[in-house]
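**Student:** First, the structure itself, so that you have it in front of you.
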Amino acid sequence: MFPETAAVVNARGQLMTGPSHSSEPLPLTLTDQQNWRPHLSACQGESCQYRRFIVRSQPDDTTPAPVRKRDGRWGMPDDSFTRDASRTLGEDPGGSFRHKSENQLAPTLMEVLDSLPFYVMLVDSGHHILFANKSVRSQLDVEPRDIVGKYCPRAVHGLDHPFPGCPLETAVAKGGIAVEHEQFDENSGRWFLLSVYPTGCKSSDGEDIYFHIVQDVSEKKEAQRAQWESEDRYRQIIDTTKDIVCVGDPEGRIIDINPAGLQLLGYSSVDELRGMNYITDLYFNPDDHEDFMRLISERGFVEDCEIDLRNRAGDKITVTTCVTAVRDDEGSIVELRAIMRDITENKMLQQQLYHAQRMEAIGRFAGGIAHDFNNFLMAIRGHALLLLKDLPEGDPSREDLNEILRTTERGADLTRQLLLFGRSTEPDLKPVDLDDMIDGTRALLEQLIGENYTIATRNDGGSHTVRADPVQLQQVLMNLVINARDAMPGGGTITIGCSAIDVDEATLAENPKAAPGRAACITVADEGAGIPEDHLGKIFDPFFTTKKAGKGTGLGLSVVHGIVTRHGGWMDVESSPEKGTSFSFCLPLSREAALEGITDVDTDDEVVAGNGQLILVVEDEESIQKIVARMLTRQGFSVTVAGSAEEALELVRDGEAGFDLLFTDVMLPGESGIALAARLREQHPGLKVLLTSGYADDGFETGDGDRADFQILQKPYTITTLARAVNRALAGG
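Each position in the sequence shown, counted from 1, maps to that position plus 211 in our numbering.
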């Protein structure tokens with residue numbers, strides 16, 4: 212039977228376990244150490260029968276075993292137990308196997324420690340240096356053997372006590388934990404990482420032993436500082452850029468966003484957005500995200516993709532975005548990084564450009580139609596006038612002819628208003644009587660708004676002449692009337708008022724664009740539902756509209772406001788729920804008299820006679836040729852006609868000299884009337900010129916040079932208007 216206890220029988224063993232004053236061997240109780248780890252701490256457990264442990268758990272022939280010394284401490288003997296030939300456990304005298312391993316490893320471990328580029332020390336909890344590798348020679352300029360046994364603060368730092376933040380002091384104070392501490396050495400100007408790790412061993416004095424490692428981390432700190440500076444620099448760029456920089460995950464959670472993104476979306480901090488789902492909360496059309504993610508999955512990135520977002524107030528914002536997907540090792544998208552640019556204003560400007568181009572195209576198209584239409588009206592009016600003048604007073608046919616003339620005048624007005632509406636030119640300022648403008652535009656307005664609406668006018672009986680572009684003022688009036696109509700879908704009355712006001716201090720305070728003095732104001736009022744109070748501050752913004760898609764561009768009031776402002780005026784709006792809205796625009800009064808148009812309808816039998824002057828009439832429409840020739844002949848002029856510029860030049864070359872006046876249409880086949888007038892004026896400097904056109908006022912372009920020296924007569928015209936214009940041209944050049 213294997214004994215339950217063992218006895219120390221030799222002197223060496225008794226030295227380790229403590230001297231015995233008895234001649235009897237000292238019995239030892241062995242502990243059950245499953246694989247013997249960790250040896251010293253686990254040896255504090257319950258004792259067991261050593262034989263059972265060795266036989267059942269340790270099949271090796273040589274087995275070391277921990278023992279408890281006489282003073283109660285535990286240790287590992289240099290000897291070990293081994294089996295003899297009879298498989299009986301006995302001692303391996305001298306621990307030859309263990310000594311052999313240690314003797315082989317010790318030089319290797321020392322070489323490893325000495326080869327490290329940083330210095331390593333073993334220090335006890337009392338700050339005494341037990342070991343130092345060779346690196347202390349280069350870093351501390353001392354030999355390792357010279358500091359072993361020395362007080363570390365004094366040997367290394369020249370201090371009588373540990374420096375503030377000493378990692379060993381911290382490790383000891385906190386019960387033997389690992390501590391790392393970075394410190395800047397002012398003498399060398401370098402950074403060092405001081406690390407302390409507990410070994411679990413004790414010195415001969417019972418002090419805990421620690422590894423103390425000191426590494427020069429200056430290069431690392433410099434690289435770290437450069438990295439921080441780089442990160443800070445790029446962060447500043449991201450934070451100051453006007454573009455939106457955003458990071459999110461594929462599920463729709465916002466991870467980070469820069470200040471520009473917060474400002475655009477109307478939020479004050481990233482925390483407000485972190486809890487949101489950008490797919491449902493920020494996408495104006497959430498269904499767009501599916502197509503967007505499909506592109507990301509296929510290509511890994513998206514460039515210049517337009518997305519509509521919704522800001523905190525619910526308004527739509529259009530951005531163009533570039534997005535890159537970040538994938539994990541398995542290829543799954545884990546993060547989306549986006550750069551977005553707000554193009555809402557650009558889109559508005561683009562739509563304004565499209566609108567302007569559309570209006571220009573409408574104007575050109577209307578101009579081409581109006582030219583032909585006015586020629587038709589010219590022929591009808593000319594023949595009706597000739598018939599009317601040949602009929603005696605009291606003839607019942609005169610009333611029919613007068614009705615024809617009135618109808619042609621309304622047709623001419625309608626065509627002229629359509630042309631003016633489609634024009635886009637610089638303001639041509641002239642004295643304009645606002646009352647006359649309202650009356651002259653009323654027929655067109657009534658056709659625009661439809662039969663369910665009535666236009667009522669009122670004024671204060673005063674003079675309301677302003678200096679303005681009549682074309683643009685008509686645009687303002689038409690826009691306001693159309694808005695009033697749209698505010699009353701079921702029909703109603705639109706009231707147009709005109710009055711003069713004194714611009715007092717209160718008006719100046721409310722309207723910075725106003726000027727002291729007197730102003731004339733036009734007010735357009737409806738009987739609709741009114742404008743919500745939260746919309747009043749935005750109604751003049753470009754493209755702001757409450758109309759359904761396709762029902763309005765949102766340009767009307769913006770254009771109106773721009774025109775009025777350019778004229779030195781200002782606008783007011785008053786609105787009450789369910790009581791309607793009134794828009795007013797005011798312009799400074801002018802002392803100039805309003806100009807009389809050259810196309811005024813004849814209201815009497817005024818005779819403006821010629822004196823046989825020779826007129827060269829150039830007109831490509833044969834019916835117009837005939838009627839103009841008859842009208843001029845009837846008024847006492849001599850007439851020669853030509854159907855083109857080429858024919859007119861041939862008449863001059865063939866000796867038809869002595870023309871007193873060239874009366875030519877602007878639009879001719881081949882060379883234009885303006886070019887013809889310029890050539891004949893160059894050949895005959897004294898030749899008088901009068902142009903005519905089916906376009907409204909000056910609203911035509913030929914590209915053939917300046918016509919500033921030539922007067923123009925707008926079609927259709929009357930006999931008296933024609934004779935008056937011819938005499939004026941003959942007299943003035």
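Beta carbons are placed, not taken as given, at the ideal position from N, Cα and C, and that holds for glycine.
1) Buried or exposed: which applies to residue 772, given that a residue is buried once 16 or more other Cβ atoms fall within 10 Å of its Cβ?
2) Apart from the five residues on each side of it in sequence, which residues of its chain come closer than 8 angstroms, Cβ to Cβ, to residue 452?
3) Does any heavy atom of the ligand MG sit closer than 8 angstroms to the C-beta of residue 781?
4) Could you pull out every residue in the same chain whose Cβ sits closer than 7 angstroms to the Cβ of residue 675, ignoring the five residues on either side in sequence?
5) DSSP on residue 945, reduced to helix/strand/coil?
6) Among the candidates 540, 902, 880, whose CA atom is the shortest distance from the CA of residue 888?
7) What is the rounded straight-line gap between the Cα of residue 511 and the Cα of residue 502?
8) Buried or exposed for residue 321, please, with buried defined as at least 16 other CB atoms from any protein chain shown within 10 angstroms of its CB.
9) Can you find at least 3 beta carbon pairs, one from the region 592-601 and one from the region 924-932, that sit closer than 8 angstroms?
10) Checking the sheet assignment: what are the DSSP bridge partners for residue 874?
11) State whether the region 853-865 contacts the region 879-896, with contact taken as three or more CB pairs (one from each stretch) at a distance under 8 angstroms.
12) With residue 736 and residue 791 assumed to form a contact (beta carbons below 8 angstroms), what rounded beta-carbon distance in angstroms separates them?
13) Provide the residue(s) that pair with residue 651 in DSSP beta bridges, ordered along the chain.
14) Which residues does DSSP list as the beta-bridge partners of residue 951?
15) Taking the Cβ atom as the reference point for each residue, do residue 336 and residue 421 lie within a distance shorter than 9 angstroms?
16) Starting from residue 821, trace the beta strand (DSSP E) both ways and give me its first and last residue.
17) DSSP on residue 372, reduced to helix/strand/coil?
18) Would you kindly check if the distance between the Cβ of residue 465 and the Cβ of residue 484 is under 9 angstroms?
19) Report the three-state DSSP secondary structure of residue 353 (helix, strand or coil).
20) Tell me which same chain residues have a C-beta within less than 6 angstroms of the C-beta of residue 932, skipping the five on either side of it?
21) On the three-state DSSP scale, how would you describe residue 580?
22) By the three-class DSSP mapping on this structure, what secondary structure does residue 912 have?
23) Counting Cβ pairs closer than 8 angstroms, one from the region 820-838 and one from the region 935-942, do we hit at least three?
24) Residue 183: buried (16+ other C-beta within 10 angstroms of its C-beta) or exposed?
25) I'd like to know whether the C-beta atoms of residue 409 and residue 389 end up nearer to each other than 9 angstroms.
26) Report yes if the C-beta distance between residue 381 and residue 353 is below 9 angstroms; otherwise report no.
27) For residue 535, which residues of its own chain have a beta-carbon under 6 angstroms away from its beta-carbon, when the five flanking residues on both sides are left out?
28) Tell me which residues share the same chain as residue 850 and place their Cβ nearer than 7 angstroms to its Cβ, disregarding the 5 neighbours each side in the sequence.
29) So for residue 848, helix, strand or coil by DSSP?
30) Take every Cβ of the region 656-670, pair it with every Cβ of the region 696-705, and state whether three or more of those distances are shorter than 8 angstroms.
31) Enumerate in chain order the residues of its own chain whose CB-to-CB distance from residue 424 is below 7 angstroms, with the five nearest sequence positions on each side excluded.
32) Is residue 445 buried or exposed, if buried means 16 or more other CB atoms sit within 10 Å of its CB?
33) Hey, out of 478, 463, 721, 605, whose CA is closest to residue 499's CA?
34) Compare the beta carbon distance of residue 599 and residue 588 with 9 angstroms and say whether it is the shorter of the two.
35) Below 9 angstroms between beta carbons: does that hold for residue 338 and residue 378?
36) From the DSSP secondary-structure annotation, give me the bridge partner or partners of residue 503.
**Tutor:** So, from the data block:
1) As a working note, residue 772 is residue 561 in the sequence shown. Buried: at least 16 other Cβ atoms inside 10 Å.
2) The sequence position of residue 452 within the sequence shown is 241, counting from 1. Here the set comprises 469, 471.
3) Inclusion of the ligand MG in the displayed structure is not the case, the ligand content being empty and no account of it being possible.
4) As a position in the sequence shown, residue 675 is number 464, starting the count at 1. For residue 675, where only same-chain residues beyond five positions count, the Cβ hits under 7 angstroms are 644, 645, 646, 709, 711, 731.
5) As displayed, the chain neither begins before 212 nor continues past 944, which places residue 945 out of reach and without an answer.
6) Translated into the one-based positions of the sequence shown, residue 888 becomes position 677. Selected option, being the one with the closest Cα: 902.
7) Here residue 511 refers to the residue found at position 300 when the sequence shown is read from its first residue. Here residue 502 refers to the residue found at position 291 when the sequence shown is read from its first residue. Residue 511 and residue 502: Cα-Cα distance of roughly 13 angstroms.
8) Counting from one through the sequence shown, the residue named residue 321 turns up at place 110. Exposed, by the Cβ-count rule.
9) yes
10) Start at 1 with the first residue of the sequence shown, and residue 874 comes out as number 663. For residue 874, which the question treats as bridged, DSSP gives the partners 828, 901.
11) yes
12) Within the sequence shown, numbered from 1, the residue matching residue 736 stands at position 525. Within the sequence shown, numbered from 1, the residue matching residue 791 stands at position 580. Confirmed, Cβ separation roughly 6 angstroms.
13) The residue labelled residue 651 in the question sits at position 440 within the sequence shown. None; residue 651 has no bridge partner.
14) Look at the range of the chain in this structure, 212 to 944, and you will see that residue 951 is not part of it.
15) Residue numbering aside, residue 336 sits at position 125 when the sequence shown is read from its first letter. Residue numbering aside, residue 421 sits at position 210 when the sequence shown is read from its first letter. Yes; because the gap between Cβ atoms is below 9 angstroms, this pair is in contact.
16) The residue given as residue 821 occupies position 610 in the sequence shown. From DSSP, residue 821 is part of no beta strand (DSSP E); its letter is neither H nor E.
17) Here the question's residue 372 lines up with position 161 in the sequence shown. Coil, per DSSP.
18) Residue 484 sits at position 273 when you count from the first residue of the sequence shown. Residue 465 sits at position 254 when you count from the first residue of the sequence shown. Yes, they are a contact pair.
19) In the sequence shown, counting from the first residue as 1, residue 353 sits at position 142. Coil, per DSSP.
20) Position 721 of the sequence shown, counted from the first residue, corresponds to residue 932. Hits under 6 angstroms: none found.
21) For the purposes of this step, residue 580 is taken as the residue at position 369 of the sequence shown. Residue 580 falls in the helix class under three-state DSSP.
22) Against the sequence shown, residue 912 aligns to sequence position 701. With a pLDDT of 49 at residue 912, under the threshold of 50, the modelled position of this residue cannot be trusted, and the question is left open.
23) yes
24) Nothing in the structure corresponds to residue 183, since the chain is present only between 212 and 944.
25) The residue given as residue 409 occupies position 198 in the sequence shown. The residue given as residue 389 occupies position 178 in the sequence shown. Yes, the Cβ-Cβ distance between residue 409 and residue 389 is below 9 angstroms.
26) As a first step, residue 381 must be located in the sequence shown, where it is residue number 170. As a first step, residue 353 must be located in the sequence shown, where it is residue number 142. Not closer than 9 angstroms, so no.
27) Indexing the sequence shown from 1 puts residue 535 at position 324. The residues are 512, 548.
28) By 1-based counting over the sequence shown, the position of residue 850 is 639. Contacts found: 826, 828, 840, 843, 844.
29) Stepping through the sequence shown from its first residue, residue 848 is reached at position 637. In the structure shown, residue 848 sits in coil (DSSP, three-state: anything other than H, G, I, E or B).
30) yes
31) Here residue 424 refers to the residue found at position 213 when the sequence shown is read from its first residue. So the list reads 329, 331, 406, once near-sequence residues are dropped.
32) Stepping through the sequence shown from its first residue, residue 445 is reached at position 234. Exposed, because fewer than 16 other Cβ atoms sit within 10 Å of the Cβ of residue 445.
33) Residue mapping note: residue 499 aligns to position 288 of the sequence shown, counting from 1. Among 478, 463, 721, 605, the Cα nearest to that of residue 499 is on 463.
34) Position 388 of the sequence shown, counted from the first residue, corresponds to residue 599. Position 377 of the sequence shown, counted from the first residue, corresponds to residue 588. Against a cut-off of 9 angstroms, the Cβ pair of residue 588 and residue 599 comes out as no contact.
35) Numbered from 1 along the sequence shown, position 127 holds the residue referred to as residue 338. Numbered from 1 along the sequence shown, position 167 holds the residue referred to as residue 378. Not in contact: residue 338 and residue 378 (Cβ atoms no closer than 9 angstroms).
36) Counting from one through the sequence shown, the residue named residue 503 turns up at place 292. DSSP output for residue 503 lists no bridge partner at all.
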